[in-house]
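As structure tokens, the structure follows; a few thoughts come after it.
2 protein chains.
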Amino acid sequence: MIMEQKVIDYLKENRERHLKELTEFLAIPSVSALSEHNEDTERAAEWVKGQLDEIGFTEAKVMPSDGKPVVYGNYIQDENAPTVLIYGHYDVQPVDPVELWDSPPFEATVRDNKLYARGATDDKGQVFMHLKVMEAILKSEAASPVNFKVLIEGEEEIGSPTLPAFAEKHQDLLQADLIVVSDSALIEKGKPTITYGLRGLAGIQIDVKGAKGDLHSGEYGGGVMNPVHALVKILDSFKDEYNRVTVDGFYDQVPELSQEERDALAAVPFDEEKLRKELDVPEFEGENGYSYTERTSVRPTLEVNGIYGGFQGEGIKTVLPSKASAKVTCRLVPDQDPDKIVELLTEHVENNAPSSVTVEVTPFDKGKPYVTPFDHPVIATAAKAYEKVYKEETAYIRGGGSIPIVAELDRILGVPVVLMGFGLPDENLHAPNEHLHLENFDLGMETLAHYYHMLKDVEMK
Amino acid sequence: MIMEQKVIDYLKENRERHLKELTEFLAIPSVSALSEHNEDTERAAEWVKGQLDEIGFTEAKVMPSDGKPVVYGNYIQDENAPTVLIYGHYDVQPVDPVELWDSPPFEATVRDNKLYARGATDDKGQVFMHLKVMEAILKSEAASPVNFKVLIEGEEEIGSPTLPAFAEKHQDLLQADLIVVSDSALIEKGKPTITYGLRGLAGIQIDVKGAKGDLHSGEYGGGVMNPVHALVKILDSFKDEYNRVTVDGFYDQVPELSQEERDALAAVPFDEEKLRKELDVPEFEGENGYSYTERTSVRPTLEVNGIYGGFQGEGIKTVLPSKASAKVTCRLVPDQDPDKIVELLTEHVENNAPSSVTVEVTPFDKGKPYVTPFDHPVIATAAKAYEKVYKEETAYIRGGGSIPIVAELDRILGVPVVLMGFGLPDENLHAPNEHLHLENFDLGMETLAHYYHMLKDVEMK
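These protein sequence lines map, in sequence, to chains A and B. Following numbering that gives the first Met the number 0, the numbering of the first sequence begins with 0 at its first residue and continues without gaps. Following numbering that gives the first Met the number 0, the numbering of the second sequence begins with 0 at its first residue and continues without gaps.
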């Protein structure tokens, strides 16, 4: 126990410097979706590599991939000790609409013990917590309780298109006894939470083209099909009046929920009215016959993420637009196959597109859904570490979001993945005013410090 | 006849200077829809007033209105001669998407005997033709055959919201025997065309709001209604599978077409296949049971002019958007009432909006549809003037577009409105690469010169 206390004291003593370093990391606008930020993603990779060097890693390098660079590092204390592979990502979501941010997205600002910045919770802040726990262990202890490997990528927010190939190629380098991922959230403030399942992701861009250019809606209106109308017809056909997805075969691989599962999900703490007020919506609406919790975790979804066409300025411009587009993504649950879903979506669009317009469908990168057995000893130990610090029983949930690479790493490396996150559900990830509660910054690092010490005594398979 | 020849010779001799002046006029980005161009609309008004001064008008002034300034002028030759009121507008449509223009929209460029610029045909170019014909008459003749009054406004492209009040207030100033408007097109190259009817205009902006900010589509997808889905549902409900507008009561004031009208419309020259290729659409589609010509002139329409919500950038951002909006306008035919239509549209939106989102409806400015008896002597004379120059029989058509102020001027001043335009249907008005065929610039001015001389002998009621 004395060892862990040393680590925790080190973290407290160095907290101010650590937050300054995190601010530096958050200041790099490493938006993977926008090619204009290519240099920034490279800078972010170099920054993480620099941290590993300073911490005293045996090996630390920025490695090329078929996409953005991957940061890899390791610190091998003892061949016989367990080896933990920490996965995270240094890339972030775009920041628009930037005018809705209360402080600049790349200037980390603390308000009310919350750190506001793009990436604060997803995922730079949580990656940083791992870096600092490792620093604290290596600087304050004679020997690390476990071996560390680190894999930090720069394409998670665009679906990790090239990391599977990278992991296949570098399997030896990445070999470990378990993978730890902190890229999720506590179910509510103060409640330890292990995510034992994630939804997968599949999506398409739909581009509808009418006439070769925008037309005068008086001269041509009524004569020429409006591509916005065609798009609206296609999009509206995706769901029925019960908010069920009508795409043929969409639910074929989705097993009905057992009563046990439904009971377990109903037991997860959730204050619907509180959330409704917080989000400021008149009421919740979703797939009929399922609870809010079920709809957002164990049921698949289809959402339009963006739509655009024609005149968007102030006032009115009476055009009959030439083009209209929409971005559509589905969250998938086991055993939906992303490739199959993209195929079904594409067919559905084609079957519902009027022949008076031209429609193009482009698939986005995909991710498989993932579920892991939550009785594995490394997962049970993670729950114990959480409980030691948070003094609350751990909740086991299936997350609504997608970390497509998790299923891939599980498949390629064949070891359990522990999803222990320290965000909170209302931290605006992917939205303006993303932030991280600093309470969980501190408690989370304590939890990780305990976890790594406890892992030393766990029998690895 | 000797008089008209002098005028025509003057126009030929001064053609180069005239085109230079028109280029100056077209260089002023007088976009009425965008408040950032307020100074430009004022400059455009002053420019027109300056022209009237140079021409030698008795009176020329820029007059304030409740909106953008109005240019008024008159030249009274003889109290007993007919007085022509020339109406036009100096404002233009926005230019976006500006990247689709082959030359800058405010730098007039001649290619293939066509003058390319925003406003070239709608309506600066046609206003300018009137100015130069008046200049030619006043500079080359001892006495003008008619008295001229000029009313050039700056809000036509936003529905002339304040001109009716201005016209009511200044009825005495505007009193005339007829109104001439050149803001329309020949039905095809070389074919004189008088527009004896115009569609009206009514429209709304629909703003749908979901949660207070964009949400993560994984965390909240399936739980919270997506405002894009709500908007899509509303918009899709506007039309049925036969492309009929389903808004309750929408067609109540629209009389069925008589067989005579249908026969007359079928006789208007129209090459459907040629237009289809020109516009580059796979096929035409519109209200079932009506021909292309009927659908674009004597039937009312409903078109989405623009739609937007969520992420529009490169790639994918998996948000559940907070807001989605659409701009919708209807073209109306007699006897649809724009106020009533806005009311019906608003009710329809409210009845089709899910209660899980907040929906706001804002009306745009409106215009009444208009039809005039085409056997009035001033209209018959216009046809004769056209035929003298174009050597082709005049077509009488009902235009698909809207000039809302026409019905208002008719109502307020109680005199016939002659809609004789010199554009062409494919001149991209309201779209990128707007242009004016210079053939019609020359022939149109000749036609107007003849018309004013012929009017001298027409018995006014």
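For glycine and all other residues, C-beta sits at the position ideal for the given N, C-alpha and C. Keep in mind that this is a model prediction, so the values were computed, not measured.
Supposed contact pair residue j and residue i - C-beta distance, whole angstroms, cut 8 Å
{"i": "B:THR295", "j": "B:GLY399", "result": "4 Å"}
{"i": "B:ALA184", "j": "B:GLY422", "result": "4 Å"}
{"i": "B:THR328", "j": "B:GLU302", "result": "6 Å"}
{"i": "A:VAL267", "j": "A:ILE186", "result": "6 Å"}
{"i": "A:SER321", "j": "A:GLY209", "result": "6 Å"}
{"i": "A:LEU418", "j": "A:GLU426", "result": "Their Cβ separation, rounded to whole angstroms, is 16 Å, which puts A:LEU418 and A:GLU426 out of contact at 8 Å."}
{"i": "A:VAL70", "j": "A:VAL149", "result": "7 Å"}
Among the options, the one whose alpha carbon lies nearest that of residue i
{"i": "A:GLY285", "options": "A:LEU274, A:LEU256 and A:ASP239", "result": "A:ASP239"}
{"i": "B:VAL414", "options": "B:VAL253, B:LEU51 and B:LEU173", "result": "B:LEU173"}
{"i": "B:THR120", "options": "B:ALA141, B:HIS88 and B:ASP8", "result": "B:HIS88"}
{"i": "B:ILE402", "options": "A:GLY217, A:TYR451 and A:GLY422", "result": "A:GLY217"}
{"i": "A:ASP456", "options": "A:ALA379, A:SER354, A:GLU134 and A:HIS169", "result": "A:ALA379"}
{"i": "A:VAL83", "options": "A:ALA352, A:THR361, A:SER143 and A:MET62", "result": "A:SER143"}
{"i": "A:PRO299", "options": "A:GLU255, A:ILE315 and A:ILE205", "result": "A:GLU255"}
{"i": "B:LYS19", "options": "B:TRP100, B:GLY72 and B:LYS131", "result": "B:LYS131"}
{"i": "B:VAL180", "options": "B:TYR86, B:VAL358 and B:ALA135", "result": "B:TYR86"}
{"i": "A:TYR428", "options": "A:GLU35, A:PRO104, A:ASP279 and A:PRO81", "result": "It should be pointed out that residue 428 of chain A corresponds to Leu in this sequence rather than to Tyr. It is A:PRO104 whose Cα lies nearest to the Cα of A:LEU428."}
{"i": "B:ASP8", "options": "B:HIS452, B:GLY158 and B:GLU445", "result": "B:GLU445"}
{"i": "A:SER34", "options": "B:ILE315, B:ASP338, B:ILE404 and B:LYS322", "result": "B:ILE315"}
{"i": "A:ARG110", "options": "A:ASN432, A:MET453 and A:LYS208", "result": "A:ASN432"}
{"i": "A:GLU510", "options": "A:ASP122, A:ALA135, A:SER29 and A:ASP101", "result": "The question about residue 510 of chain A has no answer here: the residues shown for chain A are numbered 0 through 460."}
{"i": "B:ILE340", "options": "B:THR245, B:ASP90 and B:LEU177", "result": "B:THR245"}
{"i": "B:THR345", "options": "B:ASP171, B:VAL377, B:GLY248 and B:GLU407", "result": "B:GLY248"}
{"i": "A:LEU21", "options": "A:TYR389, A:ASP122 and A:TYR291", "result": "A:ASP122"}
{"i": "A:HIS452", "options": "A:LYS387, A:ALA430, A:THR108 and A:GLU260", "result": "A:LYS387"}
{"i": "B:LEU137", "options": "B:GLY55, B:GLY309 and B:PHE363", "result": "B:GLY55"}
{"i": "B:GLY212", "options": "B:LEU200, B:ASN225 and B:ASP441", "result": "B:ASN225"}
{"i": "B:GLN335", "options": "B:VAL253, B:ALA26 and B:GLU438", "result": "B:VAL253"}
Bridge partners - residue i, DSSP secondary structure assignment
{"i": "A:HIS88", "result": "A:GLU152"}
{"i": "B:PHE147", "result": "B:TYR74 and B:VAL83"}
{"i": "A:LYS322", "result": "A:LYS208"}
{"i": "A:TYR395", "result": "A:ILE193"}
{"i": "B:LYS113", "result": "B:ARG110 and B:HIS436"}
{"i": "A:VAL388", "result": "Paired residue(s): none; A:VAL388 is not in a bridge."}
{"i": "B:ARG330", "result": "B:LEU200 and B:THR300"}
{"i": "A:TYR307", "result": "A:SER324 and B:TYR307"}
{"i": "B:HIS452", "result": "B:HIS452 pairs with nothing; no bridge assigned."}
{"i": "A:ALA59", "result": "A:GLY72"}
{"i": "B:MET419", "result": "B:ILE193"}
Chain B contact residues for residue i, given Cβ-Cβ distances below 7 Å
{"i": "A:GLU407", "result": "Those do not exist, as A:GLU407 stays about 17 Å from chain B at its closest Cβ, beyond 7 Å."}
{"i": "A:PHE310", "result": "ASN304, GLY305 and LYS326"}
7 Å Cβ cut-off: residues of chain A touching residue i
{"i": "B:ASP235", "result": "VAL231, LYS232 and ASP235"}
Amino acids of chain A, ordered along the chain, whose beta-carbon sits closer than 8 Å to that of residue i
{"i": "B:SER461", "result": "No answer is possible for residue 461 of chain B: the residues shown for chain B start at 0 and end at 460."}
{"i": "B:ASP279", "result": "ALA210 and LYS211"}
{"i": "B:ARG198", "result": "GLY217"}
{"i": "B:ILE7", "result": "Per Cβ cutoff of 8 Å: no residues; B:ILE7 is ~31 Å from chain A at best."}
Chain-ordered chain A contacts of residue i [CB-CB under 9 Å]
{"i": "B:VAL318", "result": "GLN92, GLU302, ASN304, GLY305, HIS429 and ALA430"}
{"i": "B:ILE151", "result": "By Cβ distance, chain A contributes nothing, its closest Cβ being about 21 Å from B:ILE151, past 9 Å."}
{"i": "B:GLY202", "result": "ILE315 and THR317"}
{"i": "B:ARG330", "result": "SER216, GLY217, GLY220, GLY221 and THR317"}
Where residue i meets chain B, residues with beta-carbon distance less than 9 Å
{"i": "A:VAL227", "result": "LEU234, GLU302, VAL303, ASN304, GLY305, ILE306 and ALA325"}
Per-residue contacts from residue i into chain B (C-beta, under 8 Å)
{"i": "A:ILE157", "result": "GLY314 and ILE315"}
Residue i at chain C interface by Cβ criterion, 8 Å
{"i": "B:ARG16", "result": "No chain C is present in this structure, whose protein chains are A and B."}
**Message:** At a CB distance below 8 Å, what residues from the segment 96-109 of chain A approach chain B? Give them in sequence order.
**Reply:** If you check each beta-carbon in the segment 96-109 of chain A against every beta-carbon of chain B, the ones closer than 8 Å belong to PRO96 and LEU99.
**Request:** Give, in chain order, every residue of the segment 340-374 of chain A whose Cβ lies closer than 9 Å to some Cβ of chain B.
**Result:** For the segment 340-374 of chain A, the set of residues with a beta-carbon nearer than 9 Å to any beta-carbon of chain B comprises PRO353, SER354, SER355, VAL356, THR357, PHE363 and ASP364, in chain order.
**Request:** Residues of the segment 54-85 of chain B with a CB closer than 8 Å to any CB of chain A: list them in chain order, please.
**Result:** Listed by position, the residues of the segment 54-85 of chain B near chain A (Cβ gap below 8 Å) amount to none.
**Request:** Taking only beta carbons into account, state which residues of the segment 205-224 of chain A come closer than 7 Å to chain B, listed in chain order.
**Result:** Those would be GLY209, ALA210, LYS211, GLY212, ASP213, LEU214, HIS215, SER216, GLY217, GLU218, TYR219, GLY220, GLY221, GLY222, VAL223 and MET224, in chain order.
**Asked** Relative to chain A, which residues along the segment 387-406 of chain B have a C-beta separation below 8 Å, given in chain order?
**Response** Taking 8 Å as the Cβ-Cβ cut-off against chain A, the residues of the segment 387-406 of chain B that qualify are GLY398, GLY399, GLY400 and SER401.
**Request:** Could you run through the segment 281-298 of chain A and flag, in chain order, every residue whose CB is less than 7 Å away from some CB of chain B?
**Result:** Correct list: PRO281, GLU282, PHE283, GLU284, GLY285, GLU286, TYR291, ARG294, THR295 and ARG298.
**Asked** Listed from N- to C-terminal order along the chain, which residues in the segment 408-435 of chain B have their beta-carbon within a distance smaller than 8 Å of any beta-carbon of chain A?
**Response** Taking 8 Å as the upper bound on Cβ-Cβ separation, chain A lies near residues PRO424, ASN427, LEU428, HIS429, ALA430, PRO431 and ASN432 of the segment 408-435 of chain B.
**Prompt:** What residues from the segment 169-186 of chain B come within 9 Å of chain A, judged by C-beta to C-beta, listed N to C?
**Reply:** Residues ALA184.
**Residues within the segment 238-263 of chain B neighbouring chain A, beta-carbon criterion of under 8 Å** = Those would be LYS238, in chain order.
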